[in-house]
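Protein chains: 2
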Amino acid sequence: MQAGREFLMKETDLDNGHGTVKERILKEALYLFSERGFEGTSLQSIADAVGIQKPSLIYHFPSKEDLRRHVLESLVAYWKNELPRILTPADSSSDRLVSTMTSLINFFVEDLNRARLVVRELLDRPEETFALLSEQFSPWTRLIGDYLRMGQQSGLYRKDVAPELFIVQVLVMVIGTVAIGGATSGLVSTESYTPRGLLIKELVRIVQASLYSEQP
Amino acid sequence: MQAGREFLMKETDLDNGHGTVKERILKEALYLFSERGFEGTSLQSIADAVGIQKPSLIYHFPSKEDLRRHVLESLVAYWKNELPRILTPADSSSDRLVSTMTSLINFFVEDLNRARLVVRELLDRPEETFALLSEQFSPWTRLIGDYLRMGQQSGLYRKDVAPELFIVQVLVMVIGTVAIGGATSGLVSTESYTPRGLLIKELVRIVQASLYSEQP
DNA sequence: TATAATGACTACCATTTGGTAGACAATAAT
DNA sequence: ATTATTGTCTACCAAATGGTAGTCATTATA
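Chains as they are written, first to last, in this note's numbering: chain A, 1 to 216; chain B, 1001 to 1216.
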């Protein structure tokens, strides 16, 4: 069966409706990695999802490992951009800690795959992910930690909060809730997943109750 | 290179130091599944870890899927036994809710692979795991929910706690902290994992602060 | 217009995967 | 003592995997 090879569409860097091939690969890879895990996802399945052949995929990302890094990088890049904006004292209307958490929640809820991917990375490559978080974000979390300590001295926050540990716990709770909260709700429901909104509402309540001092 | 096949040890059901072959397989499978994931673990690697050949492994567990189910079953079985004991009003000395959470934490801290495996299952097979939790544990969590509501009426617990959602969140926090807390602590440390004990201490603080009413 | 670079393809390939077939030794049952 | 069962092994196998080689059309560059 000789090929024929009649037309061979070629995609330039210009966006023609669905984005660059490279972007589409990253999108499908994020989805499949987060849904089935890195090891559980074949390059073939990604190529199929994008609608190209495997070697075309490998042309854009020379190895599976390379693709993984780029997928992860896109998440990191987002936060390296966003964090300065969020933590800049632009509006002092609401608590900066809570607004940061809100941004965090929104980011992960907007696309659940992000949370799932992060959790998988933390499980699959703990040391590597530890190092990445440390390098990319520890300055920012130190800032938040200081902010938290100030709030403690001013009496806004509880004195028994352990700032650094609290920050870690909040992240664990947020990505945990988004990534596995739905399925975990099988504990209390026989019908279907508890709406994520409700879970997050309770999460926010827990965080606030364990953070703020009681003002009588 | 002809085999030789000089001795062929055979293991009976009797324990000869390291447990039955079947038990050793389950142990290594739990470890490898939780560390590398189901898809990331080959039957060969499990057989190597146990010190047998692959077909011997398949003799005991006819398929990889079958092995997975048995590994999971051993965790479920433990809690089906333990929960009645814990929730029985034996000692009313300490809060039953907190003592249950303590048992939960101890179980997962005792062997970190347990928490990692549960998280992986929740990610890899959300619907299936939802159903399993629902079938096996929802009666028990309903009991805890009622207990929580009683405590609310007596004024012990905060009125704004949403019992069912709170229970789900506590489980998410506990297994989240044990499974990914260490690596997540890269956010605030450049050196090494934050000791799990500290993370858990803050976790317990958060839970208690968000559960108990302030008694002035 | 000729030439180089890009991006897609077909056809492979070595390795690993989950799993099977069948031989064989040790133990248990008759 | 003979037979059946159990558990382990060696030797395979088809399918899938990550990746390579090389072809060819389109686009950009000279």
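Glycine included, C-beta positions come from ideal geometry on N, C-alpha and C.
Contacts that residue i makes with chain A (C-beta to C-beta distance below 8 Å)
i, result
"F1108(B)", "Per Cβ cutoff of 8 Å: no residues; F1108(B) is ~13 Å from chain A at best."
"T1177(B)", "Q169 and V172"
"S1134(B)", "G186, L187, S189 and T190"
As assigned by DSSP and simplified to three states, the class of residue i
i, result
"Y1212(B)", "strand"
"G1197(B)", "helix"
"Q1169(B)", "helix"
"V1076(B)", "helix"
Neighbour list for residue i in chain A, Cβ cutoff strictly below 7 Å
i, result
"L987(B)", "Outside the displayed range of chain B (1001 to 1216) lies residue 987(B), so it cannot be described from this structure."
Proximity of residue i and residue j at Cβ, strictly below 8 Å
i, j, result
"F108(A)", "V204(A)", "no"
"L1211(B)", "V1178(B)", "no"
"I1167(B)", "G1145(B)", "yes"
"S1189(B)", "L1117(B)", "no"
"G1040(B)", "E127(A)", "no"
"V71(A)", "L26(A)", "yes"
"Y157(A)", "S213(A)", "yes"
"G1053(B)", "L199(A)", "The displayed chain sequence assigns Gln, not Gly, to residue 1053(B). No."
"R1120(B)", "L123(A)", "yes"
"L1104(B)", "W1140(B)", "no"
"G1176(B)", "R1196(B)", "no"
"L1057(B)", "A1047(B)", "yes"
"F1130(B)", "Y193(A)", "yes"
"S1099(B)", "I1086(B)", "yes"
"E1191(B)", "L165(A)", "no"
Residues that residue i contacts on chain B, provided the C-beta gap is smaller than 8 Å
i, result
"D124(A)", "R1036, G1037 and G1040"
"I167(A)", "L1187 and V1188"
Cβ-based burial, residue i [other Cβ within 10 Å; buried from 16]
i, result
"L32(A)", "buried"
"M1101(B)", "buried"
"S134(A)", "buried"
"R114(A)", "buried"
"G151(A)", "buried"
"G1051(B)", "exposed"
"R69(A)", "exposed"
"T184(A)", "buried"
"G1019(B)", "exposed"
"G155(A)", "exposed"
"P1055(B)", "exposed"
"P1143(B)", "Looking at the sequence itself, residue 1143(B) is Leu, so the reference to Pro does not match. With fewer than 16 other Cβ atoms within 10 Å, it is exposed."
"P1163(B)", "buried"
"A77(A)", "exposed"
"E1028(B)", "buried"
Amino acids of chain B, ordered along the chain, whose beta-carbon sits closer than 9 Å to that of residue i
i, result
"A162(A)", "L1198, K1201, E1202 and R1205"
Closer than 7 Å at the beta carbon, the chain B residues around residue i
i, result
"A131(A)", "G1186"
"E214(A)", "E1214"
"I180(A)", "V1119, L1122, L1123 and V1172"
"F137(A)", "L1187"
"R116(A)", "L1123"
Residue i: contacting residues in chain A (beta-carbon distance under 9 Å)
i, result
"A1209(B)", "R158, D160, V161, I206, A209, S210 and L211"
"T1194(B)", "E164, L165 and V168"
Residue i Cβ short of 7 Å to the ligand MG heavy atom set
i, result
"A1049(B)", "Within the structure as shown, the ligand MG is missing, as the structure has no ligands at all."
Near-chain A residues of the region 1139-1152 of chain B - C-beta to any C-beta below 8 Å: T1141, R1142 and G1145
Proximal residues, the region 52-84 of chain A versus chain B, C-beta separation under 9 Å: none
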